[in-house]
Amino acid sequence: MNKVFERSKGLSDAHFTFCPGCTHGTIMRLIAEVMDELQIIEETIGVSPVGCAGFCQDFFTCDFVGAAHGRAQAVGTGIKRSLPDKMVFTYQGDGDIAAIGTQHAIHCAARGEKITSIMVNNAIYGMTGGQMAPTTLEGMKTSTSPFGRDPIDVGMPMDFPKIIANIPGAVYVASVSVDSPKNINKAKKAIKKAFQVQQAGLGFALVSILSTCPTNWGMSPIDSLQWLRENMLPVYELGELKETEEVKKL
Ligand SMILES: Cc1ncc(C[n+]2csc(CCOP(=O)(O)OP(=O)(O)O)c2C)c(N)n1
Ligand code: SF4
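Offset between the sequence shown (1-based) and my numbering: plus 575.
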């Protein structure tokens, strides 16, 4: 019998500890497969954040450094500048990169740091009990917005990849989702390109990925995927939001 699927060499033997239906695991598998396909596992250093996303350091076979909440890109900058031959990526939740880490994200892009950042947008602070994040949708109920996010009080949801796409040092910015097999394939292509941008030394690359948090959304895994499709896709435009001419040639 032909083997059509196997565990990526980029993943360790540890079992995912995420809640059932959480798509953090899907995204980590894609990154592991990309590292394997590009044959860069040995030369890659990941930077982990705080939050459920921070568990990533247990699941990959590449090296990892842990950063304080929101500081992954500052740590990634230091590693890449001192070890320019290494591949460096950050794996961050939306709370990490687009709330407490906003200044690092913006200045990392502005400086055109030659690292790759993966943003996992589940529209909520996952680990700490489902508080409202900058990415929380209008009207969405969270533990700190029990009547739904009110834009008059706290503003509209922040489409972070679009902000980063406007910064000259960012050469590749993609917004993808992992709610369906088709979108998972597109997400993998974007992650691969973001790593290839770094291999070619072209500048900063960001892939934002729409993800589920069934536990804090209070839904079953299946309903969470449907909720993402119906509510997040209309707000967060998918696609390659920015690709410079040099990136297009890759
Ligand atoms: C300086 C600091 N402030 C706050 C916290 C508490 N904290 C831990 S995880 C987290 C939210 C993480 O949310 P997100 O980045 O969206 O990741 P997710 O858990 O959804 O993967 C917060 C606020 C912390 N650990 N350190
Ligand atoms: S709390 Fe949410 S983000 Fe964290 S593991 Fe569970 S489902 Fe995933």
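Beta carbons are placed, not taken as given, at the ideal position from N, Cα and C, and that holds for glycine.
In chain order, what residues of the same chain lie with their CB nearer than 7 Å to the CB of residue i, ignoring the 5 residues before and after it?
{"i": "Ser750", "result": "Pro736, Ser783, Tyr811, Glu812, Leu813, Gly814 and Leu816"}
{"i": "Arg686", "result": "Gly744"}
{"i": "Ala775", "result": "Leu825"}
{"i": "Arg646", "result": "Gly676 and His679"}
{"i": "Asp734", "result": "Tyr811"}
{"i": "Ala607", "result": "Ser583, Gly585, Leu586 and Phe635"}
{"i": "Val640", "result": "Ile620, Val622, Val650 and Ile654"}
Taking all protein chains shown into account, do 16 or more other C-beta atoms lie within 10 angstroms of the C-beta of residue i, making it buried, or fewer, making it exposed?
{"i": "Met799", "result": "Looking at the sequence provided, one finds Ser at residue 799 rather than Met. Per the 10 Å Cβ criterion, buried."}
{"i": "Asn760", "result": "exposed"}
{"i": "Lys655", "result": "buried"}
{"i": "Ser786", "result": "buried"}
{"i": "Gly723", "result": "exposed"}
{"i": "Gln614", "result": "exposed"}
{"i": "Leu658", "result": "exposed"}
{"i": "Ala643", "result": "exposed"}
{"i": "Ile727", "result": "exposed"}
{"i": "Val579", "result": "exposed"}
Taking the alpha carbon of residue i as the point to measure from, which residue in the options has its own alpha carbon closest?
{"i": "Cys594", "options": "Arg804, Ser795, Leu825 and Glu805", "result": "Ser795"}
{"i": "Phe634", "options": "Arg582, Val822, Gly670 and Ala642", "result": "Arg582"}
{"i": "Thr677", "options": "Gly701, Thr710 and Thr703", "result": "Thr710"}
{"i": "Gly668", "options": "Pro624, Trp802, Ala642 and Leu605", "result": "Pro624"}
{"i": "Arg804", "options": "Lys757, Ile616, Thr652 and Leu781", "result": "Lys757"}
{"i": "Asn791", "options": "Pro726, Ala765 and Gly596", "result": "Gly596"}
{"i": "Leu808", "options": "His679, Glu688 and Ala698", "result": "Ala698"}
{"i": "Ile797", "options": "Lys584, His590, Thr598 and Val579", "result": "Thr598"}
{"i": "Gly714", "options": "Phe770, Pro732 and Tyr700", "result": "Pro732"}
{"i": "Ser587", "options": "Met603, Asn577, Phe580 and Val579", "result": "Met603"}
{"i": "Phe664", "options": "Leu658, Val650, Ser692 and Glu688", "result": "Ser692"}
{"i": "Thr592", "options": "Met702, Asp734 and Ala674", "result": "Met702"}
{"i": "Gln801", "options": "Leu777, Ile690, Ser755 and Asp725", "result": "Ser755"}
{"i": "Leu777", "options": "Ile742, Ala684 and Val822", "result": "Val822"}
{"i": "Tyr666", "options": "Leu605, Ile742 and Pro789", "result": "Leu605"}
{"i": "Met694", "options": "Val640, Phe580, Ile742 and Ala765", "result": "Ala765"}
{"i": "Gln648", "options": "Gln771, Asn577 and Lys689", "result": "Lys689"}
{"i": "Asn806", "options": "Thr819, Cys627, Leu712 and Ile616", "result": "Leu712"}
{"i": "Asp671", "options": "Thr819, Ile616, Gly626 and Cys683", "result": "Gly626"}
Below 6 Å CB to CB, which residues in the same chain sit around residue i once its five sequence neighbours on both sides are set aside?
{"i": "Ser720", "result": "Met707"}
{"i": "Asp638", "result": "Ile620"}
{"i": "Thr601", "result": "Val753"}
{"i": "Gly629", "result": "Ser623"}
{"i": "Val748", "result": "Pro736, Ile739, Ala740, Leu781, Leu816 and Lys817"}
{"i": "Ala589", "result": "Asp633 and Phe634"}
{"i": "Lys584", "result": "Asp611"}
{"i": "Gly705", "result": "Ile699, Thr717, Ser718 and Asn791"}
Using DSSP bridges, identify the partner residues of residue i.
{"i": "Phe639", "result": "Gly621"}
{"i": "Ala745", "result": "Phe779"}
{"i": "Ser750", "result": "Ser783 and Gly814"}
{"i": "Leu586", "result": "Phe635"}
Enumerate in chain order the residues of its own chain whose CB-to-CB distance from residue i is below 8 Å, with the five nearest sequence positions on each side excluded.
{"i": "Lys767", "result": "Val609, Glu612 and Leu613"}
{"i": "Lys661", "result": "Glu618, Thr619, Ile620, Ile654 and Lys655"}
{"i": "Val729", "result": "Met707 and Ser720"}
{"i": "Ala762", "result": "Ile602, Leu605, Val751, Ser752, Val753, Val782 and Ile784"}
Should residue i be counted as a contact of ligand 3 given a C-beta to heavy atom distance under 7 Å?
{"i": "His599", "result": "Ligand 3 is not part of the structure shown, which contains ligand 1 and ligand 2 as its ligands."}
Alpha helix (DSSP H) segments (min. 4 residues) lying fully within the stretch 683–733
726–729
Taking only runs of the alpha helix (DSSP H) that begin and end inside the stretch 758–813, which ones reach a length of at least 4 residues, in chain order?
789–792 and 796–802
Quick check on the DSSP output: what are the complete alpha helix (DSSP H) runs of length 4 or more inside the stretch 646–673, in order along the chain?
647–657
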